[in-house]
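To keep things clear, I will list the structure first and then write my remarks on it.
Protein chains in written order, with my numbering: chain A, 47 to 180; chain B, 17 to 292.
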């Protein structure tokens, strides 16, 4: 049983990490890989659209106490679907933890690398379009 | 049992190593050398033979009863790595004029922030062959046309006339993103001659400049079922000091058609492209 579980996990890992992530724009022109963010918030909107799937979360700023609505970009729907995402994976009101890269323009905008369900810690896959070709 | 486990895990992780290689290629990619692997053409599995029409000339897309598309997205017409042709020029060997070299270097320094394709404008010329999300080339013999369909970007199609017509006279040719293309077969190679380009697009991913004087000769062949070979000669006497050539291969993605993809649907990137 442990053997089968290990093989299964390895296969899934290989599949997820090897999936092609291609964008229509330069990642470096939009995001700064050194500006890593990790935010917790509740989902307010999901755009399951090309060229990139987006989700939006309300995040309470610990310093100001204000709620900021962040937008996070992922890969194209057809690409992240190969990683297990569907248009209903995230639901309005879900509380999630997002690890990603902030936009260079300093807005509440980022590129999601990893998304986790806050209550269970379940990882929903990597949706980043980093290291892609425009 | 233990050795079987080790073999299976190693096999399953091979794509991971491949992915890691792509990520580490990022600097090479910025120099126009992105591909599958950094040190030469990737090892490729054995392929079925080239599919052919009854008269013997190659089919450039899925034969009847089959699905699939060309998995464009990597490849460059300069640089020798990955899927690029070993005969390609290095970027330092591309015969730029002073102004075009300067413009190219600005575009690289700005990290492609001004790329029209990021605003969902059509990928003309060679860029149609390295735009992600699929490529199909269908010949319609009874219409004497070849259609080149792009799944990515703004989901464009390009018509290549194979009925022997010439290009329109220059004074009747309205410059466009895709130009006016005429083609013919030379053995197993489709040769396409295109003129009539505008200057509103970057003809390659990394921003090689061109002018309305651009004249392309593209040579497309399918040496086996899984391989498309794309070669192009760039003839733009206002941008380059002499004609030059390059190309790359594109791999077949079997068993499905390309997904619907319209860059224009919800493009939110343009406002955030700030470069350095």
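For every residue, glycine included, the Cβ atom is placed at its ideal position computed from N, Cα and C. Just so you know, these numbers come straight off a predicted model, no measurement behind them.
Expressed to the nearest angstrom, what Euclidean distance is found between the alpha-carbon atoms of residue i and residue j?
{"i": "residue 113 of chain A", "j": "residue 87 of chain A", "result": "10 Å"}
{"i": "residue 147 of chain B", "j": "residue 71 of chain B", "result": "31 Å"}
{"i": "residue 140 of chain B", "j": "residue 162 of chain A", "result": "40 Å"}
{"i": "residue 74 of chain A", "j": "residue 128 of chain B", "result": "8 Å"}
{"i": "residue 61 of chain B", "j": "residue 120 of chain A", "result": "31 Å"}
{"i": "residue 112 of chain B", "j": "residue 204 of chain B", "result": "32 Å"}
{"i": "residue 43 of chain B", "j": "residue 82 of chain A", "result": "Low local confidence applies: a pLDDT of 28 at residue 43 of chain B is under 50, so the model's placement there is unreliable, and no value is given."}
{"i": "residue 28 of chain B", "j": "residue 90 of chain A", "result": "Reliability fails at residue 28 of chain B, whose pLDDT of 36 lies under 50, so the model's placement of it is uncertain and no value is given."}
{"i": "residue 123 of chain A", "j": "residue 156 of chain B", "result": "31 Å"}
{"i": "residue 165 of chain A", "j": "residue 136 of chain A", "result": "13 Å"}
{"i": "residue 115 of chain A", "j": "residue 103 of chain A", "result": "6 Å"}
{"i": "residue 242 of chain B", "j": "residue 287 of chain B", "result": "39 Å"}
{"i": "residue 249 of chain B", "j": "residue 238 of chain B", "result": "18 Å"}
{"i": "residue 50 of chain B", "j": "residue 93 of chain A", "result": "With a pLDDT of only 37 at residue 50 of chain B, under 50, the local geometry of the prediction cannot be trusted, and the value read off the model is given with reservation. Taking the straight line from one Cα to the other gives about 30 Å."}
{"i": "residue 105 of chain A", "j": "residue 162 of chain B", "result": "52 Å"}
{"i": "residue 94 of chain B", "j": "residue 130 of chain B", "result": "21 Å"}
{"i": "residue 279 of chain B", "j": "residue 169 of chain B", "result": "5 Å"}
{"i": "residue 145 of chain B", "j": "residue 200 of chain B", "result": "19 Å"}
{"i": "residue 260 of chain B", "j": "residue 110 of chain B", "result": "7 Å"}
{"i": "residue 256 of chain B", "j": "residue 144 of chain A", "result": "47 Å"}
{"i": "residue 90 of chain B", "j": "residue 133 of chain A", "result": "28 Å"}
{"i": "residue 114 of chain B", "j": "residue 186 of chain B", "result": "27 Å"}
{"i": "residue 291 of chain B", "j": "residue 180 of chain B", "result": "46 Å"}
{"i": "residue 53 of chain A", "j": "residue 110 of chain A", "result": "Model confidence at residue 53 of chain A stands at a pLDDT of 42, short of 50, so the residue's coordinates are unreliable; what they give is reported in the following sentence. So the two alpha carbons sit approximately 47 Å from each other."}
{"i": "residue 48 of chain B", "j": "residue 219 of chain B", "result": "Residue placement at residue 48 of chain B is poorly supported in this model, since its pLDDT is 38, which falls under 50; the coordinates still yield a value, given next. Each residue's alpha carbon lies about 13 Å from the other."}
{"i": "residue 206 of chain B", "j": "residue 236 of chain B", "result": "5 Å"}
{"i": "residue 148 of chain A", "j": "residue 76 of chain A", "result": "9 Å"}
{"i": "residue 71 of chain A", "j": "residue 285 of chain B", "result": "8 Å"}
{"i": "residue 254 of chain B", "j": "residue 116 of chain B", "result": "9 Å"}
{"i": "residue 264 of chain B", "j": "residue 252 of chain B", "result": "20 Å"}
{"i": "residue 210 of chain B", "j": "residue 198 of chain B", "result": "7 Å"}
{"i": "residue 168 of chain A", "j": "residue 289 of chain B", "result": "32 Å"}
{"i": "residue 76 of chain B", "j": "residue 140 of chain A", "result": "47 Å"}
{"i": "residue 74 of chain B", "j": "residue 78 of chain A", "result": "46 Å"}
{"i": "residue 128 of chain A", "j": "residue 188 of chain B", "result": "47 Å"}
{"i": "residue 231 of chain B", "j": "residue 78 of chain B", "result": "29 Å"}
Assign residue i to buried or exposed, taking buried as 16 or more other Cβ atoms, counted over all protein chains shown, within 10 Å of its Cβ.
{"i": "residue 142 of chain A", "result": "buried"}
{"i": "residue 151 of chain A", "result": "exposed"}
{"i": "residue 107 of chain A", "result": "exposed"}
{"i": "residue 134 of chain B", "result": "buried"}
{"i": "residue 122 of chain B", "result": "exposed"}
{"i": "residue 83 of chain B", "result": "exposed"}
{"i": "residue 108 of chain B", "result": "exposed"}
{"i": "residue 118 of chain B", "result": "exposed"}
{"i": "residue 69 of chain A", "result": "buried"}
{"i": "residue 178 of chain B", "result": "buried"}
{"i": "residue 170 of chain A", "result": "buried"}
{"i": "residue 247 of chain B", "result": "buried"}
{"i": "residue 273 of chain B", "result": "exposed"}
{"i": "residue 138 of chain A", "result": "exposed"}
{"i": "residue 190 of chain B", "result": "exposed"}
{"i": "residue 81 of chain B", "result": "exposed"}
{"i": "residue 258 of chain B", "result": "exposed"}
{"i": "residue 96 of chain B", "result": "buried"}
{"i": "residue 99 of chain A", "result": "buried"}
{"i": "residue 117 of chain A", "result": "buried"}
{"i": "residue 131 of chain A", "result": "buried"}
{"i": "residue 153 of chain A", "result": "exposed"}
In terms of DSSP beta bridges, what is residue i paired with?
{"i": "residue 261 of chain B", "result": "B:249"}
{"i": "residue 201 of chain B", "result": "B:206"}
{"i": "residue 129 of chain B", "result": "In the DSSP output, where bridge partners are listed per residue, residue 129 of chain B has none listed."}
{"i": "residue 289 of chain B", "result": "Paired residues: none, contrary to the question."}
{"i": "residue 74 of chain B", "result": "B:68"}
{"i": "residue 92 of chain A", "result": "A:101"}
{"i": "residue 240 of chain B", "result": "B:243"}
{"i": "residue 163 of chain A", "result": "A:142"}
{"i": "residue 151 of chain B", "result": "B:86 and B:166"}
{"i": "residue 175 of chain B", "result": "B:163"}
{"i": "residue 270 of chain B", "result": "B:84"}
{"i": "residue 157 of chain A", "result": "A:119 and A:147"}
{"i": "residue 233 of chain B", "result": "B:209 and B:249"}
{"i": "residue 256 of chain B", "result": "B:112"}
{"i": "residue 156 of chain B", "result": "B:161"}
{"i": "residue 86 of chain A", "result": "A:143"}
Can you tell me the Cβ-Cβ gap for residue i and residue j, rounded? I've got them flagged as a contact below 8 Å.
{"i": "residue 217 of chain B", "j": "residue 137 of chain B", "result": "6 Å"}
{"i": "residue 157 of chain A", "j": "residue 282 of chain B", "result": "Contact flag wrong, Cβ pair sits at about 15 Å."}
{"i": "residue 167 of chain B", "j": "residue 149 of chain B", "result": "4 Å"}
{"i": "residue 222 of chain B", "j": "residue 68 of chain B", "result": "Actually they are not in contact, since the Cβ atoms of residue 222 of chain B and residue 68 of chain B sit about 35 Å apart, beyond 8 Å."}
{"i": "residue 215 of chain B", "j": "residue 228 of chain B", "result": "6 Å"}
{"i": "residue 277 of chain B", "j": "residue 171 of chain B", "result": "6 Å"}
Is residue i near the ligand SAM, with its Cβ less than 8 Å from a heavy atom?
{"i": "residue 158 of chain B", "result": "The ligand SAM is absent from the structure shown, which contains no ligand whatsoever."}
**Asked** So does the stretch 183-197 of chain B actually touch the stretch 103-112 of chain B, counting three or more Cβ pairs closer than 8 Å?
**Response** No, because fewer than three Cβ pairs between the stretch 183-197 of chain B and the stretch 103-112 of chain B fall closer than 8 Å, the two stretches do not touch.
**Asked** Can we say the stretch 81-95 of chain B touches the stretch 256-271 of chain B, given the rule of at least three CB pairs closer than 8 Å?
**Response** Between the stretch 81-95 of chain B and the stretch 256-271 of chain B there are three or more inter-stretch CB-CB distances shorter than 8 Å, so the stretches are counted as touching.
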